[in-house]
Ligand code: SAH
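Residue numbers (the numbering used here): 180 to 585.
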């Protein structure tokens, strides 16, 4: 039985798009469609051909999105049935087998959308709760099949469905999809507790940012931990205290969590409380600053406060191409402020999650800003994506982080 669609539409692509699809690009916009045999509805399978009627691939059709087709399969003709879906998910799990088998880490990204060949679908795991996050309503008609494959492979207690903000705020989005909901298992009446490298964290899959936690910083948090023994650490844009907990568990003297959001600061306090059985965490002084990062760092600099490690992990500054120059200025301002509160010989950790800012441009901004304020940096490490956040295509790369000594 063909699983993924009751309806197929037949789509002829323009020659340039045939080439990009064959090279592995997952998105097809309106202008890439030469003709189609019928208007189609969200979730139809689009059978893709070149203009000589040769088969090119199969994609998920979404007439409501600027990305009209997301490519699921390319190469030889295939039937996208339950077995196909299951084997695709198993391949994706294989890449993460060490994480999946690690009892000390139960929160990670199981499926990373286009980067794993499953465009428009992110699946995160927080202990026994899975969160499906859809970037397109085209997955909706296939939700039961997705549920059954994930249930058969992982036996989760619960599955939460979230729709990305861009889809939820579009006038075409059906009302019942605008809010996150539990689509399998018991209702969720509080946060879910999961482990990251043995540390306990809470995540709010329904109301939290992203799918409840920033899972992408796991490896950078380990590095921060290694730098923190006996140190005073400032964690700017701390959210629920991810970096702070790693610093504390590695016996930092003090950790200051700084974030504009009071609920995020409160969650960081709860996360410390969850880990008080760890003697290092119990001993570390956890200081809280609920303030704007720029204002607070200015105040700290005026008070002549100095830290051994300063972490800057802001939200994305460039949501569109036109934002890039402003974003680079903002990164520069942050670095200047960060350096003002960093001790000589201390370590600056500066991250960017703006997909539109290329890694080298970001790294150069950090390095040049430091030179301009006569605080040149010795680069210790530049990092990108962890194993559960692979980079499958150019637009899929977003995270970069530099560790540097003054
Ligand atoms: N470092 C975090 C993730 C940061 S997400 C982690 O490892 O989990 C970005 C955070 O920046 C959010 O918590 C948001 O509340 C905060 N934020 C956004 N604008 C801010 C501002 N101007 N000043 C301080 N915090 C801000």
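Note that the Cβ used here is the ideal one computed from N, Cα and C, for glycine as well.
All values derive from a computational prediction rather than experimental measurement.
Item to check | Residue closest to residue 364, alpha-carbon to alpha-carbon, out of 326, 540, 346 and 523 | outcome: 326
ask   = Is residue 193 helix, strand or coil by DSSP?
value = coil
Mind reading off the beta-carbon distance from residue 463 to residue 432? Whole number of angstroms is fine, and I expect it under 8 Å.
-> 7 Å
Item to complete: Assuming residue 532 and residue 399 form a contact by the criterion Cβ under 8 Å, report the distance between their Cβ atoms to the nearest whole angstrom.
Response: About 11 Å separates the two Cβ atoms, so there is no contact after all.
Any heavy atom of the ligand SAH inside 6 Å of the beta-carbon of residue 286?
no
Worksheet item: Excluding five sequence neighbours on each side, which residues of the same chain lie with their C-beta closer than 8 Å to the C-beta of residue 568?
Response: 288, 291, 294, 394, 395 and 578
Can you tell me which residues form a DSSP beta bridge with residue 580? 530 and 562
Helix, strand or coil at residue 552 according to DSSP, with G and I counted as helix:
coil
Practice task
With distances taken Cα to Cα, identify the nearest neighbour of residue 417 among 458, 438, 401 and 372.
Solution key: 438
Bridge partners for residue 338 per DSSP, in chain order?
309 and 363
- prompt: If you run the structure through DSSP and keep just helix, strand and coil, what is residue 181?
  reply: Legend: pLDDT at residue 181 = 48, less than 50; position of this residue unreliable, value from coordinates given subsequently. Three-state result, residue 181: coil.
Given a threshold of 16 other Cβ atoms within 10 Å of its Cβ, counted over all protein chains shown, does residue 300 qualify as buried or as exposed?
buried
- prompt: In the DSSP assignment, what are the bridge partners of residue 486?
  reply: 521
query = Going by beta carbon distance, what residues of the same chain come within less than 6 Å of residue 180, once the five residues before and after it are set aside?
reply = Unreliable positioning characterises residue 180 in this predicted model, as indicated by a pLDDT of 36, which lies under 50. The coordinate reading is nonetheless provided below. Result list for residue 180: empty, nothing under 6 Å.
Residue 344 and residue 312 closer than 7 Å at C-beta: no
Using the Cβ count rule (16 or more neighbours within 10 Å means buried), how would you classify residue 434? buried
If we count the other Cβ atoms within 10 Å of its Cβ and call it buried at 16 or more, is residue 548 buried or exposed? buried
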